[in-house]
Amino acid sequence: MSPEGSAAAAGSIDEPPSAGVASLLSASVEHLQREPVLWLQRLNLLLDRGRDADIAQAQAELRLMLGQFAGEGLRWQLLTLGCELALRANDYIGAQAHIEELTALHDASAGSFDLTPVLIFQARVSWERGSYGAALDDLSKTNPLRPDDACRVANWRARSLAALGDIAGALQASESGRRTADQFDLQGGLAYSLALSGQYELYRGNMIRGRRHLDRALHVSGEAQELRVRPQILTTLAEVDLIEGRLEDARNRMSEALHALAARPRRIWDSAYWSLTQARIHRRSLDWDAACSAARTLAYEAGFVSTKAPRHPVVSALHAEAATCWMAAGYEHQASLALAEVDWSRSDWVTLLQRDLVLTVVSTEDPEVYASRADSILQRAIQGGAPYVAVEMAFELAVRANRRWSWLAADLASWTYSAAESRGWKRVSRAAAPIAAGRGGPVEETRGSIVRDSRGVSTLFAPPRGQRPARGESAPPLPDPFDREATS
Amino acid sequence: VIDPNLWFPPLDRLYAARGAVDQKRVLFQGDVFDDVPCYRYPDGGKEDLVAPRGGRGKIMVLGHPCEISSGEKGDVSPWRLVCPVAEDRARRIPLDGEGHWYAFPLPDLVEREDVWYADFRFLSTVHSENLVLAKRTASLSEVGWIAVQRRLAHFLTRVAIHWLDLADAGVALHPDAGAA
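Chains as they are written, first to last, in the numbering used here: chain Z, 656 to 1143; chain S, 305 to 484.
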């Protein structure tokens, strides 16, 4: 969602300013020109308030300041602020220009300036433009000197790894950010790390841990008045409620999230993320009119975000969810249309899984192909370290197959049932059970024979080989338990 | 009724006991202990092939009940076949058992929602005195025991033994047999 809150926002955007703030906001240009430190403070205030007009005003004044002040120290601060302002305005070309100037200043200063914040900006630009590998490369070059930078690096690393489909790595990174934030009492970073960890735990099927992280994130964000991350926390909590089948609680969370959205400086994609979760709630509520309406809203949101950030991962996520809504409502042709002409090259891993699920359902006529594609999706989800995502998708694929190929639906539901039971995910296993029941009895394997000798010792003589052909192992091996580095 | 084709039973039927297992319960195949030495060779490079790598940690007892029980062959030989139990931090163990054939998952072993696994690739032996009953942290149910036997047999033989064959062969052996 939004970049991690590095500083608490200045309360509600409609809150009246204090006397000091008001005087700074109304200071004359002549006064500010004599006091560049005050001017910088004013720009930071505008950034914190964060309305579009504030950001545009701050950018214009920043350009003035850059033209008037040549001192390297002040210039470094101005360019850093310029990067943040450009990112808030989704002006990636401007942000890139500031990054290049900062890098040149760093190179010319023989290392007087810490390059880590610049590399974090570069990683943010890469991530927001859907280049997750490049973001990871940028982050790998950092050497954070300050704890807040270390926390930011960890959190952006988590987001990049998750986007590339390494959920375990993402969780490890967000937990590293959480530990740093805890150690140095960085409330904003802590709320953000916890929100990320909560999301990744859900992918792994750890609802209790996920909720624990998110509840703490909500508490911390409230204590610290860290408003930027609050809508993300609340919508993820709504997702937990949804997973656990508490639709009314999910709806209430979404209302809270809407209020939180209104009380903070907004990024262009904030309401898009809210709409994504809202659409999932409509789907789970089996409210097909609302789901179709949500699909249209999502397409609109995708168009809106695309105007300024066409490569942001939320754009394709919106299209994928819109297609899922159409599919769920039975409008498979509409689902196909929603997937067409989308640039999937910038999509994150989960979005690609969702897209492939919809494609499998709406475009497959052959049950063998359907089964093969379903298997591929499930294996990708498992290999990415998201077993719960795999089980949920298997259930969805079973439900969608049920109208056409009941035997295949029963196979998929049976897999869902067994997998969910083996991990204790009762809600999904109960949902899959009725479809799985259509499978009939299990395919009987050849029995061996038991022989008991005169002392009562039983020996099993195994049946001839051939019950199961030898199978290859496509997945990489599990780590050596004795290799501390691999298992830590 | 357990589907005989399943590798892993439902979680709520996997364990007989977890946490502080009753010390009066007999030592049995599939028991998990904490703080037991477990090693593999060599430690690292090719220079020293006898330097071990390992330490104390979680292990699963793999010897057949007849081999480890007191009053039987367990009294004759004090050596117990074990394998390490490691945490699946990356959550990559297949949910359906198709793949990673050397692994038997142990969900919720220590805390709820964690996933550990017995790793059959690293079988080793320890003296029975290392298996301190006060440090036993889990015992498998009869269903769980059969699942472990089936997985281990498949790992060593590539034969998927029929569930009911194992149930028949081990009838009345499990500590909880007939308890219901």
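Every residue gets a Cβ at the ideal spot worked out from N, C-alpha and C, and that includes glycine.
* For Y345 (chain S), which residues from the same chain have a beta carbon less than 6 Å from its beta carbon, with the 5 sequence-adjacent residues on both sides left out? -> On the second sequence, residue 345 (chain S) is found 41 positions in, with the first residue counted as 1. Once the five neighbours on either side are set aside, the close Cβ partners of Y345 (chain S) are P356.
* Can you find a C-beta in chain S that's less than 8 Å from the C-beta of E1051 (chain Z)? -> In the first sequence, counting from the first residue as 1, residue 1051 (chain Z) sits at position 396. So, not an interface residue.
* **Cβ shell of I754 (chain Z) (< 8 Å), same chain only, five flanking positions each side left out** => What you label residue 754 (chain Z) is simply residue 99 of the first sequence in a count that begins at 1. If we look at I754 (chain Z) and ignore the five residues flanking it on each side, its Cβ neighbours are C738, V773, F776, Q777, V780.
* To do: Starting from L310 (chain S), find everything on chain Z with Cβ-Cβ shorter than 7 Å and list it in chain order.
  => Walking along the second sequence from the start, residue 310 (chain S) turns up at place 6. Residues of chain Z passing the Cβ test: S1073.
* Asked: Applying the criterion that 16 or more other CB atoms from any shown protein chain within 10 Å of the CB defines a buried residue, is P411 (chain S) buried or exposed?
  -> Here residue 411 (chain S) is taken as the residue at index 107 of the second sequence, counted from 1. Result: buried.
* Outcome for R416 (chain S) when other beta-carbon atoms lying within 10 angstroms are tallied against a minimum of 16 -> Working through the second sequence from its first residue, we reach residue 416 (chain S) at position 112. Burial call: exposed.
* To do: Please confirm if A473 (chain S) has its CB atom under 8 Å from at least one CB of chain Z.
  => Here the question's residue 473 (chain S) lines up with position 169 in the second sequence. For A473 (chain S), the answer is yes, since a Cβ of chain Z falls inside 8 Å of its Cβ.
* Asked: For V365 (chain S), which option in S:Q327, S:R396, S:V386 has the closest C-alpha, if you only look at C-alpha atoms?
  -> Your numbering for residue 365 (chain S) matches position 61 in the second sequence. For the residues S:Q327, S:R396, S:V386, the minimum Cα distance to V365 (chain S) belongs to S:V386.
* Helix, strand or coil for A464 (chain S) per DSSP? -> In the second sequence, residue 464 (chain S) corresponds to position 160, counting from 1. Coil, per DSSP.
* **Residues near A750 (chain Z) by beta carbon distance below 6 Å, same chain, minus five either side** => Counting from 1 along the first sequence, the entry for residue 750 (chain Z) is found at position 95. Result list for A750 (chain Z): C738, A741, L742, V780, in chain order.
* Please check if any C-beta of chain S sits within less than 8 Å of the C-beta of G1103 (chain Z). => Translated into the one-based positions of the first sequence, residue 1103 (chain Z) becomes position 448. Judged by the 8 Å Cβ criterion, G1103 (chain Z) is in contact with chain S.
* Asked: Alpha carbon to alpha carbon, what distance is there between K1081 (chain Z) and L1067 (chain Z)?
  -> For the purposes of this step, residue 1067 (chain Z) is taken as residue 412 along the first sequence, with counting starting at 1. For the purposes of this step, residue 1081 (chain Z) is taken as residue 426 along the first sequence, with counting starting at 1. C-alpha separation (whole angstroms): 16 Å.
* At a Cβ threshold of 8 Å, is N699 (chain Z) touching chain S? -> Residue mapping note: residue 699 (chain Z) aligns to position 44 of the first sequence, counting from 1. Not one beta carbon of chain S lies nearer than 8 Å to the beta carbon of N699 (chain Z).
* Asked: Excluding five sequence neighbours on each side, which residues of the same chain lie with their C-beta closer than 7 Å to the C-beta of M1048 (chain Z)?
  -> The count along the first sequence starts at 1 and reaches residue 1048 (chain Z) at position 393. Excluding residues within five positions, the ones whose Cβ falls inside 7 Å are L1008, L1012, I1032, L1033, A1036.
* Short CB-CB distance (under 8 Å) between R864 (chain Z) and chain S -> Position 209 of the first sequence, counting from 1, holds the residue named residue 864 (chain Z). Closer than 8 Å: yes.
* Asked: How about A995 (chain Z) and R938 (chain Z): do their beta carbons lie closer than 8 Å?
  -> Counting from one through the first sequence, the residue named residue 995 (chain Z) turns up at place 340. Counting from one through the first sequence, the residue named residue 938 (chain Z) turns up at place 283. Going by C-beta atoms, A995 (chain Z) is not nearer than 8 Å to R938 (chain Z).
* With DSSP run on the structure shown, which of helix, strand or coil describes H686 (chain Z)? -> What you label residue 686 (chain Z) is simply residue 31 of the first sequence in a count that begins at 1. Under the three-state reduction of DSSP, H686 (chain Z) is assigned to helix.
* To do: Give the DSSP-derived three-state secondary structure of S781 (chain Z) in the structure shown.
  => In the first sequence, residue 781 (chain Z) corresponds to position 126, counting from 1. Correct three-state label for S781 (chain Z): helix.
* Asked: Of the choices S:V336, S:G358, S:D352, S:R329, whose alpha-carbon is the least far from that of S374 (chain S)?
  -> Here the question's residue 374 (chain S) lines up with position 70 in the second sequence. Comparing Cα positions, the closest option is S:R329.
* Asked: Just checking, does the segment 389-396 of chain S make contact with the segment 310-323 of chain S on the three C-beta pairs under 8 Å criterion?
  -> no
* Kindly indicate if chain S contains any beta-carbon less than 8 Å away from that of E1076 (chain Z). => Taking the first residue of the first sequence as 1, we reach residue 1076 (chain Z) at position 421. Interface residue, yes.
* Look up T932 (chain Z) in the DSSP assignment and give the residues it is bridged to. => The residue you call residue 932 (chain Z) lines up with position 277 of the first sequence. The partner list for T932 (chain Z) (beta bridge, DSSP) is empty, contrary to what the question assumes.
* Do you know offhand how far L1133 (chain Z)'s Cα is from V436 (chain S)'s? -> For the purposes of this step, residue 1133 (chain Z) is taken as the residue at position 478 of the first sequence. For the purposes of this step, residue 436 (chain S) is taken as the residue at position 132 of the second sequence. Roughly 28 Å separates the two Cα atoms.
* To do: Assign D896 (chain Z) to one of three DSSP states: helix, strand, or coil.
  => Within the first sequence, residue 896 (chain Z) is the residue found at index 241, counting from 1. Here D896 (chain Z) sits in helix by DSSP.
* Asked: Does the distance from the C-beta atom of C980 (chain Z) to that of A927 (chain Z) stay below 8 Å?
  -> One-based indexing of the first sequence puts residue 980 (chain Z) at position 325. One-based indexing of the first sequence puts residue 927 (chain Z) at position 272. Going by C-beta atoms, C980 (chain Z) is not nearer than 8 Å to A927 (chain Z).
* Asked: How big is the Cα-Cα spacing for E1051 (chain Z) and A893 (chain Z)?
  -> Position 396 of the first sequence, counted from the start, is the residue given in the question as residue 1051 (chain Z). Position 238 of the first sequence, counted from the start, is the residue given in the question as residue 893 (chain Z). Each residue's Cα considered, the two are about 20 Å apart.
* To do: Kindly confirm or deny that the segment 795-806 of chain Z and the segment 834-844 of chain Z touch, where touching means at least three C-beta pairs closer than 8 Å.
  => yes
* DSSP state of R416 (chain S) mapped onto helix, strand, coil -> Mapped onto the second sequence, residue 416 (chain S) falls at position 112. Coil.
* **Unbroken alpha helix (DSSP H) run spanning W811 (chain Z), endpoints** => Numbered from 1 along the first sequence, position 156 holds the residue referred to as residue 811 (chain Z). Segment 802-819, the alpha helix (DSSP H) holding W811 (chain Z).
* To do: Take Q696 (chain Z) as the anchor and find which of Z:D707, Z:A677, Z:R706 has the nearest alpha-carbon.
  => Working through the first sequence from its first residue, we reach residue 696 (chain Z) at position 41. For the set Z:D707, Z:A677, Z:R706, the Cα lying nearest the Cα of Q696 (chain Z) is the one of Z:A677.
* Local conformation of S940 (chain Z) per DSSP, three classes -> Your numbering for residue 940 (chain Z) matches position 285 in the first sequence. Reduced to three states, the DSSP call for S940 (chain Z) is coil.
* Asked: Are the beta-carbon atoms of L873 (chain Z) and G865 (chain Z) separated by less than 8 Å?
  -> As a working mapping, residue 873 (chain Z) is identified with position 218 in the first sequence. As a working mapping, residue 865 (chain Z) is identified with position 210 in the first sequence. At the C-beta level, L873 (chain Z) and G865 (chain Z) stay beyond 8 Å of one another.
* **V1046 (chain Z): contacting residues in chain S (beta-carbon distance under 8 Å)** => Residue mapping note: residue 1046 (chain Z) aligns to position 391 of the first sequence, counting from 1. The contacting residues are L399.
* Per DSSP, what kind of secondary structure is E391 (chain S) in: helix, strand or coil? -> By 1-based counting over the second sequence, the position of residue 391 (chain S) is 87. The answer is strand: DSSP assigns E391 (chain S) an E or B state.
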